[in-house]
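>
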Amino acid sequence: MIISFSSLLPLSEKSESFDIRYEGDVLSGHKVRRSDLFPLKVTHHEAHQMEIAGEGEIFLEYPCDRCLSPVEVRVPLQILRRFDTETLLDEELESVPFVLEESIDADLLITDEAMTVLPMKVLCKEDCKGICPKCGANLNDGPCSCGTEETPTRMAELLRKLQIPDN
Ligand SMILES: [Zn+2]
Ligand SMILES: [Zn+2]
-6 MIISFSSLLP LSEKSESFDI RYEGDVLSGH KVRRSDLFPL KVTHHEAHQM
44 EIAGEGEIFL EYPCDRCLSP VEVRVPLQIL RRFDTETLLD EELESVPFVL
94 EESIDADLLI TDEAMTVLPM KVLCKEDCKG ICPKCGANLN DGPCSCGTEE
144 TPTRMAELLR KLQIPDN
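Take the sequence shown: its letters are residues -6 to 160, numbered as in my numbering.
1. Can you tell me the Cα-Cα spacing of Glu143 and Val25, whole angstroms?
2. Hey, how far is the Cα of Arg27 from the Cα of Ile97?
3. Count the CB pairs spanning the segment 120 to 135 and the segment 50 to 69 that are closer than 8 Å, and state whether there are at least three.
4. Rounded to the nearest angstrom, how far is the Cβ of Ser5 from that of Glu50, given a contact under 8 Å?
5. With DSSP as the reference, please indicate the residues paired to Asp12 in a beta bridge.
6. Which of the three DSSP states, helix, strand or coil, is assigned to Ser(-3)?
7. Given this structure, state the Cα-to-Cα distance separating Gly22 from Ser8, to the nearest angstrom.
8. Name all residues in chain order for which at least one heavy atom of ligand 1 lies closer than 6 Å to the residue's CB.
9. How is the beta strand (DSSP E) around Met43 delimited, first residue to last?
10. Select from Pro112, Lys114, Phe91 the residue whose C-alpha is nearest the C-alpha of Thr104.
11. According to DSSP, is Leu20 part of a helix, a strand, or is it coil?
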């Protein structure tokens, strides 16, 4: 979704509200589960000084860090950015990669904003038991047939006993 703010530029202290939403299916490698419209207020203060502000949210799907089950993560978006459209071609472009001349790419803006608040790791629940390293069973569904944790320990002990000493 591209919104143009060129109509605001001839006037000072002029604002316009645009309804934006993230339109992509994936954000930073995560499936987008829900993305609702939210208002973005675009203001031209004066002399190409722009300000954009809006609050929204987007829901992404993460794999649980331990058991890989899909988990819905709400990502809050609190947008408040200022930029000068005249100096964009220089150093500022890096900090506002979503501005294209006299318009804003809403998907790039939301991505840029979300990247600052995306969680690194997500668990389906705090005490997630994870998956069995042997058979891959989800241990939240109950113990797998590989047995308890004691078995591999006893087995390792037995193997150590059977080993011929080095000297
Ligand atoms: Zn989990
Ligand atoms: Zn197992």
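Beta carbons: idealized from backbone N, C-alpha and C, even for Gly.
In terms of the structure at hand:
1. The residue you call residue 143 lines up with position 150 of the sequence shown. The residue you call residue 25 lines up with position 32 of the sequence shown. Its pLDDT being 49, under 50, Glu143 is placed unreliably by the model, and the measurement read from it follows with that caveat. Rounded to whole angstroms, Glu143 to Val25 spans 41 Å at the Cα level.
2. The residue labelled residue 27 in the question sits at position 34 within the sequence shown. The residue labelled residue 97 in the question sits at position 104 within the sequence shown. Their Cα atoms are separated by approximately 21 Å.
3. yes
4. What you label residue 5 is simply residue 12 of the sequence shown in a count that begins at 1. What you label residue 50 is simply residue 57 of the sequence shown in a count that begins at 1. At roughly 32 Å, the Cβ-Cβ gap does not stay under 8 Å, so Ser5 and Glu50 are not in contact.
5. Mapped onto the sequence shown, residue 12 falls at position 19. Per DSSP, Pro32.
6. One-based indexing of the sequence shown puts residue -3 at position 4. In the structure shown, Ser(-3) sits in a strand (DSSP, three-state: E or B).
7. The residue given as residue 22 occupies position 29 in the sequence shown. The residue given as residue 8 occupies position 15 in the sequence shown. Computed Cα separation, rounded: 34 Å.
8. Cys57, Arg59, Cys60, Ser62, Leu116, Cys117, Cys121
9. Position 50 of the sequence shown, counted from the start, is the residue given in the question as residue 43. 42 to 56 is the span of the beta strand (DSSP E), which, as asked, contains Met43.
10. The residue labelled residue 104 in the question sits at position 111 within the sequence shown. Looking at the Cα atoms, Phe91 is the closest of the given residues.
11. The residue you call residue 20 lines up with position 27 of the sequence shown. Strand.
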